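Numbering (this note's numbering), first residue to last: 360 to 677.
Take a look at the structure:
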């Protein structure tokens, strides 16, 4: 057993490797067991992701012009095009997949000249108008899945990054169009989760400022003034909001370690939530997510995989 596994209450790896979830099996092999990407079992797991029935059904539901459900990149909330692409990226699909490419091409229609993404609609006599102001949380999550899909060097992605860098507040955070004394914690963490996937973005001074803010608020109990209302300690998936696992993961990738008190406390909390069988269970699931990711109160493979990524990263450093 590697040293990083010693704090665990049990070993969930055999469970994660079961063939019932191709994506979790693939990432367990690569991220937890460090198998090379060209190993036969890794290749087989990755190739099976698009044909895994839940993913195949989601891909088949795409409409002819590259969108899901309706011709709007954001709506319906939690299961429209933006939400579907966010989940497909976490499942391990890339732009090599035809439906992913078409979905991203549909998204690019909603990018303004300044690099931001906004909703738009046709209006009789006025042509197509931009309907909303850009939301930095949504925008950052788009950047994140573009990185995951392989669009990191694409001009759309670089323009989107420039918009984020240009709109950071003096307090190191981001906030949507509404006024506020404080920035939004969710948007700031969404930025970090994108930034850690790109070396240039991770090296930006804006990223260091944002990371310090998120670290300073880690596990703070009352976050309403930062435009969020959930507790850090609620375990949920997909990460359409914010939480302790996604924050630990982003900060860890930026060099934060267990030597920093808030990181150590948060890691101890995460370990305390592990069951005796080695798994983690959901506290909440997003309403109507693009695919069934499990029920609250039950051991969850996605949550367990992400918790293991964090524990491995932090306790391998110590």
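Cβ coordinates follow ideal geometry from the N, Cα and C atoms, glycine included. On a predicted model such as this, the values are computed, not experimentally measured, just so you know.
Three or more beta-carbon pairs drawn from the region 405 to 416 and the region 446 to 458 are found closer than 8 Å, and the two stretches are therefore classed as touching. In the same chain as residue 673, and ignoring 5 residues on each side of it, the C-beta atoms closer than 6 Å to its own belong to 611, 617 and 626, in chain order. Residue pairing for residue 476: DSSP places it in a beta bridge opposite 470. Between residue 446 and residue 648, the beta carbon gap of about 7 Å places them in contact (Cβ cut-off 8 Å). Listed in chain order, the non-local C-beta contacts of residue 566 below 6 Å within the same chain comprise 554, local neighbours out to five positions each way being set aside.
For the pair residue 642 and residue 590, the Cα-to-Cα distance works out to about 11 Å. Per the Cβ contact rule, the region 489 to 509 is in contact with the region 461 to 480 (3 or more Cβ pairs under 8 Å). Setting aside the 5 residues that flank it on each side, residue 633 is surrounded in the same chain by 367, 368, 369, 639 and 666, each with a C-beta closer than 8 Å to its C-beta; the list follows chain order. Between the alpha carbons of residue 533 and residue 399 lies a distance of about 43 Å. Here the alpha carbons of residue 635 and residue 516 stand approximately 43 Å from one another. Restricting attention to alpha helix (DSSP H) runs no shorter than 4 residues, the region 409 to 445 encloses them at 412 to 419, ordered along the chain. Collapsing the DSSP output to three states places residue 543 in a strand. In the DSSP secondary-structure assignment, residue 489 is bridged to 479. In the three-state DSSP reduction, residue 658 falls in the strand class (E or B).
For residue 520, the uninterrupted alpha helix (DSSP H) run begins and ends at 514 to 525, by DSSP.
Inclusion of residue 592 and residue 573 in the CB contact set at 8 Å is not warranted, their separation being larger than that value. Shown here for residue 425: same chain residues with a beta carbon closer than 7 Å to its own, the five before and five after excluded, namely 461, 462, 464 and 465 in chain order.
At a Cβ-Cβ threshold of 8 Å, residue 585 and residue 543 count as neighbours. Counting only runs of 4 or more residues that sit fully inside the region 616 to 651, the alpha helix (DSSP H) segments are 620 to 631, in chain order. Taking C-beta atoms under 8 Å as the contact rule, residue 439 and residue 431 qualify, at a distance of about 6 Å. Taking the Cβ atoms as the reference, residue 531 lies roughly 4 Å from residue 568, within the contact range of under 8 Å.
Sequence-distant partners of residue 552 (beyond 5 residues in either direction) whose C-beta falls short of 7 Å from its own C-beta, in its chain, are 503, 605 and 609. Rounded to the nearest angstrom, the gap between the Cα atoms of residue 518 and residue 373 is 42 Å.
Pairing residue 600 with residue 668 gives a Cβ-Cβ distance that is not under 8 Å. Look at residue 595 here: in three-state DSSP terms it is strand.
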